Amino acid sequence: MLEEKVGITVIGAAGLIGKRHVEHILENKQAKLHSIVDPTPAAQSIAKEANVQQYLDLSELLQHSEGLHAAIVATPTGMHIQQACQLVRGGIHVLVEKPLCNTVEEAQPLLQACRQPGAGTVLVGFHRRFNPYILHLKSILDGEQSNLGTSPVGTIVAVNGLWCTRKPLTYFRQAPWRAERGKGGGVILTNLSHELDLMRFLFGEITRVFAEPGSTTRGFDVEETVAITLKFQSGCVGTIILSDSALTPYTFESATGENPFLAKHHQPVYTIMGTSGTINFPNMELWSFTGQSIEGGDWTLPLTQSKQAALPFDQEFATDTGPNSPFAKRLQHWLDFIQGKSETLSCTLDDGLRNMAILEAILSSASSGEAVVV
Numbered sequence: 001m002l003e004e005k006v007g008i009t010v011i012g013a014a015g016l017i018g019k020r021h022v023e024h025i026l027e028n029k030q031a032k033l034h035s036i037v038d039p040t041p042a043a044q045s046i047a048k049e050a051n052v053q054q055y056l057d058l059s060e061l062l063q064h065s066e067g068l069h070a071a072i073v074a075t076p077t078g079m080h081i082q083q084a085c086q087l088v089r090g091g092i093h094v095l096v097e098k099p100l101c102n103t104v105e106e107a108q109p110l111l112q113a114c115r116q117p118g119a120g121t122v123l124v125g126f127h128r129r130f131n132p133y134i135l136h137l138k139s140i141l142d143g144e145q146s147n148l149g150t151s152p153v154g155t156i157v158a159v160n161g162l163w164c165t166r167k168p169l170t171y172f173r174q175a176p177w178r179a180e181r182g183k184g185g186g187v188i189l190t191n192l193s194h195e196l197d198l199m200r201f202l203f204g205e206i207t208r209v210f211a212e213p214g215s216t217t218r219g220f221d222v223e224e225t226v227a228i229t230l231k232f233q234s235g236c237v238g239t240i241i242l243s244d245s246a247l248t249p250y251t252f253e254s255a256t257g258e259n260p261f262l263a264k265h266h267q268p269v270y271t272i273m274g275t276s277g278t279i280n281f282p283n284m285e286l287w288s289f290t291g292q293s294i295e296g297g298d299w300t301l302p303l304t305q306s307k308q309a310a311l312p313f314d315q316e317f318a319t320d321t322g323p324n325s326p327f328a329k330r331l332q333h334w335l336d337f338i339q340g341k342s343e344t345l346s347c348t349l350d351d352g353l354r355n356m357a358i359l360e361a362i363l364s365s366a367s368s369g370e371a372v373v374v
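Set out below in structure tokens:
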């Protein structure tokens, strides 16, 4: 068991996500920011403010790895596998930001590296599994909030998800790869992975997908809007509308307040429909019959709306700051594993590869116009 603080480096520390990782490491008493790896001028001020060493590349870091136990890879997707392989081969535990890679085949060297004696482990960075709203919704659907131990929606038959926003052109100019096919660009690889992970976390495995891409408005060689249908192993079906060119209040971030840099609108982004009722997320508004269940249902009767012990939209629960934030909870989960206080990781390499296989199937469907079995 590791008794000392866990020394962590952040690779890509000056990026949007990298900065947030640095902040949470500095706030955690079990962690110590060992260094940052980032050649950009913006990284210099981060290193200076945190009083740590800035390395220009991974090779330079590995020459000064004393006291280094773990690394967060927050670089562009196309760099993830090569960097993670170098780290785990050195016995360093790795948290890789989503998506893990561009293709499942691309990740095979990392699978092999993790199987070697003394290799580090990999946690794939799906932090929304730690979001208090998601955990609360899961407890409702699993019947943990009911005196009878049953879900208020009954058997789930259909789900609908929305993730639609309009990204400014500066978002793409800051990182040109975001608009390039084959380098991790496009709304599917950039933004769908979190939604798919939550769908699997809440509703089980996805077995078949179909994707219909929409029109492009920016002239980039990547998709910006897509309608997706999902078939789950349970028989449940689902849809996701995904767009980074539609101006709407419907994103997970603005619904829950998870990202401190985005406006909060608190509009429902998931609808879960079942045989006994329908609930939306994150508002937790349940539509059902009052008092008793009617065999077979009756569409002529009015439904009633009730709140399922919704969590408050406040800083403690909803934003990216503080000990209850998803980033902080995930970091704590990872530290506990590294220090031997827990034996399992929430989202393993195999989990990340399953998500990647579904993303690949969706990209294939969008290209071919055919449904794809996963």
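Following our numbering, the numbering of the sequence shown begins with 1 at its first residue and continues without gaps.
Note that the Cβ used here is the ideal one computed from N, Cα and C, for glycine as well.
What you are looking at is a predicted structure, and each value in this text was computed from that prediction instead of being measured.
Unbroken beta strand (DSSP E) runs of no fewer than 3 residues, entirely contained in the region 125-200, are found at 156-164, following chain order. Restricting attention to F172, F201 and R208, the CA atom closest to the CA of V372 is found in R208. The region 158-166 makes contact with the region 224-244, as at least three CB pairs between them are under 8 Å. For the region 191-264, the full-length alpha helix (DSSP H) segments reaching 4 residues or more read 193-203 and 252-256 along the chain.
The secondary-structure analysis by DSSP pairs V373 across a beta bridge with R208.
The residues I11, V37, Q83 and Q86, in chain order, have a CB closer than 7 Å to that of L58 in the same chain once the five nearest residues on each side in sequence are set aside. In the DSSP assignment, A50 falls within the alpha helix (DSSP H) that extends over P41 to A50. Of the residues T248, T278, H194 and L16, the one whose Cα lies closest to the Cα of F130 is H194.
Of E27, F220 and P41, the smallest CA-CA separation from F172 is found for F220. Note that the region 355-368 touches the region 90-103; at least 3 beta-carbon pairs, one per stretch, sit closer than 8 Å. By DSSP's assignment, M273 forms a beta bridge with A158 and T278. Taking all protein chains shown into account, E105 has fewer than 16 neighbouring C-beta atoms within 10 Å of its C-beta and is therefore exposed. If the five residues before and after T275 are omitted, its C-beta is found closer than 6 Å to the C-beta atoms of G154 and T155, all from its own chain and listed in chain order. One alpha carbon belongs to Q30, the other to P213, and they sit about 45 Å apart. Per DSSP, the unbroken beta strand (DSSP E) holding W287 starts and ends at E285 to S288. The DSSP assignment places 315-318, 326-338 and 349-368 as complete runs of the alpha helix (DSSP H) inside the region 312-369, in order along the chain (cut-off: 4 residues). Here the alpha carbon of G143 sits roughly 37 Å from the alpha carbon of S364.
Cβ neighbours of P282 within its own chain (closer than 6 Å, five residues either side excluded): Y133, A255 and T256. The beta carbons of L56 and P39 sit closer together than 8 Å. A distance below 7 Å between beta-carbons, with the five flanking residues on each side excluded, links T150 to the following residues of its chain, in chain order: G143. In terms of Cβ geometry, G67 and G91 do not form a close pair [threshold 8 Å]. Across the structure, L33 and I81 are spaced so that their CA atoms are roughly 22 Å apart. Closest in alpha carbon position to A14, among L286, C164, E27 and A47, is A47. 8 Å or more divides the Cβ of P326 from the Cβ of R200. Taking the Cα positions, R20 is about 21 Å away from L189.
Taking A263 as the centre and dropping the five residues before and after it, the same chain places the C-beta of S254 closer than 7 Å to its C-beta, in chain order.
Within the DSSP bridge table, the entry for A31 names V6 as partners. In the DSSP assignment, S306 falls within the unbroken beta strand (DSSP E) covering T304 to K307.
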